[in-house]
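Let me begin by presenting the structure, written as structure tokens, before commenting on it.
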Amino acid sequence: MSNDVNRLRSIPTTGTYLVNGPFSTFVHYLVLGPIQAVIIAYIMWTHLGWSAFVGVALLVPFIPFQLIMGRLFSRFRQMTAKLTDGRLRLMNEIISGMRVIKMYAWEQPFADLVADARKSEVGRIQRSCLLKAINLSLFFVASRVILFAAFITYVLTGNLLTAKAVFVTMALFNTLRITLTLLFPNAIAQWAELKVSCSRIQTFLELGEMEPKTYNTKGFGDLTAFPKKNAKPKVFVNNISAKWSEDTPYATIQNISFNLKPGDLLAVIGPVGAGKSSLIMSILNELPVLEGSVQTVGTISYASQEPW
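Take 1 as the starting number for the sequence shown in the UniProt record's numbering and just add one per residue.
Encoded structure:
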């Protein structure tokens, strides 16, 4: 629950940063990059003739290469996000149960769990950094190789290489290099980041909702309905089974039944992880009930261990 709340709180700030930050800086180069390449290729053709298209031909394969790199980066980003969520969830559980961990001297086993989770996360981050390093290396290498190929072709075709042609071509190629090997790849990378973030936000917003229930003819209902004024407060738990996640193979609590009337005191005891808090959450209608029923009459006052 705390991990979901933290993700919900970070959605506005993270989404605003992605849209108003790097994404808004580079996104227009997804369209301007190819257009600028065509215009610069035409200007270079007026100075070097057909030899200019040799350099352009060497530069064009970078576009599909960058698309492939963008897909790989998006895939690694999704894997990293899942590993980061798992590590944060583990840390939240450790911090919540720190008193029990210290009492039973479980520091080292839990430290090993965190270290393993962090090692897997860092491994994915290193692969993402490797992709960024390849893009950055191409930024410095591409222009030299392309210029060399264009000038060699121009000279071998019997043309005289002049200073005018050299400096104009170098200026145009530098502009084209910055666009296609730096700005355009960054635009693809930021698009991949935004796509992953939007997918995660969409997954969170599409989580299932608990259906509100209404009163039956006997005047019983749950916490989502308004109790009748003259009804005495009661709690009826009839053979309930519940679990937090649909992916979990086993139920958190199973076959629990009890009835509470005014003046009753019920003590629920058990080891850590036995489902005591889950039972309270099911009565508060915070935990979906798979089987059985929870019916309440009146209102419930809930005082947690830690204040909200």
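Backbone N, C-alpha and C define an ideal beta-carbon position, used for all residues, glycine too.
Same chain only: Cβ atoms within 8 Å of residue i, ignoring 5 sequence neighbours per side
i      : result
Val114 : Arg87, Leu90, Met91, Ile94
Asp112 : none
Lys276 : Val268, Ile269, Gly270
Val289 : Ile240, Ser241, Ala242, Ser282
Val145 : Leu58
Leu161 : Phe151, Tyr154, Val155
Nearest residue (CA-CA) to residue i, options the options
i           : options                        : result
Ile300      : Ser199, Pro262, Pro271, Ile125 : Pro262
Thr25       : Pro185, Val122, Ser304         : Pro185
Thr203      : Gly49, Thr162, Gln78, Ile125   : Gln78
Ser241      : Asn285, Leu176, Arg200, Lys119 : Asn285
Ala187      : Asn135, Phe236, Ser143, Arg200 : Asn135
Pro61       : Arg124, Arg75, Lys82, Leu138   : Leu138
Leu156      : Asp247, Ser51, Pro288, Asp264  : Ser51
Tyr302      : Val294, Met281, Trp191, Gln295 : Met281
Ile35       : Leu176, Asn159, Glu246         : Leu176
Gly123      : Lys132, Leu161, Thr80          : Thr80
Val272      : Ile201, Leu260, Arg99, Ala117  : Arg99
Ser128      : Val237, Glu107, Ile178, Phe73  : Phe73
Phe76       : Leu160, Leu130, Phe258         : Leu130
Ser293      : Glu246, Tyr250, Ser257, Ala274 : Ser257
Phe65       : Glu107, Gln254, Lys132, Asp247 : Lys132
Ala274      : Ala251, Trp191, Ile201, Phe140 : Ala251
Asn255      : Ile178, Ser245, Glu291, Glu246 : Glu291
Gln295      : Asn238, Thr248, Glu206         : Asn238
residue 324 : Ile39, Phe140, Ser199          : Because the chain in this structure spans residues 1 to 308, residue 324 falls outside the shown range and cannot be described.
Beta-carbon proximity list for residue i, same chain, < 7 Å, skipping 5 on both sides
i      : result
His47  : Ala165, Val168, Thr169
His120 : At residue 120 the sequence reads Ser, which differs from the His that was named. Here the set comprises Leu83.
His28  : none
Phe110 : Ile94, Ile101
Met44  : Ala52, Thr169, Leu172
Ser304 : none
Contacts around residue i, its chain only, beta-carbon distance under 6 Å, and the 5 residues preceding and following it disregarded
i      : result
Leu147 : Phe173
Ala105 : none
Asn259 : Phe236
Ile253 : Ala242, Gly275, Ser278, Leu279
Beta-carbon separation (whole angstroms), residue i vs residue j, contact threshold 8 Å
i      : j      : result
Leu183 : Gly49  : About 28 Å separates the two Cβ atoms, so there is no contact after all.
Ser278 : Leu266 : The Cβ separation is near 15 Å, so there is no contact.
Leu59  : Ala117 : So it is not a contact: roughly 42 Å between Cβ atoms.
Ala37  : Leu180 : 6 Å
Trp191 : Leu30  : 7 Å
Between the segment 59-71 and the segment 88-103, can you find at least three pairs of beta-carbon atoms closer than 8 Å? No, they do not touch.
Looking at C-beta atoms only, is the number of pairs between the segment 187-207 and the segment 167-174 that lie closer than 8 Å three or more? no
Complete alpha helix (DSSP H) runs within the segment 163-207 (minimum length 4 residues, chain order): 163-178, 184-205
Unbroken alpha helix (DSSP H) runs of length 4 or more, entirely within the segment 228-301: which are they? If we require 4 residues or more, the alpha helix (DSSP H) runs fully inside the segment 228-301 come out as 276-283.
Are there three or more Cβ pairs, one per stretch, closer than 8 Å when the segment 141-155 is compared with the segment 48-66? yes
Let me know the alpha helix (DSSP H) ranges lying completely inside the segment 57-120, each 4 residues or longer, listed in chain order. 62-96, 98-103
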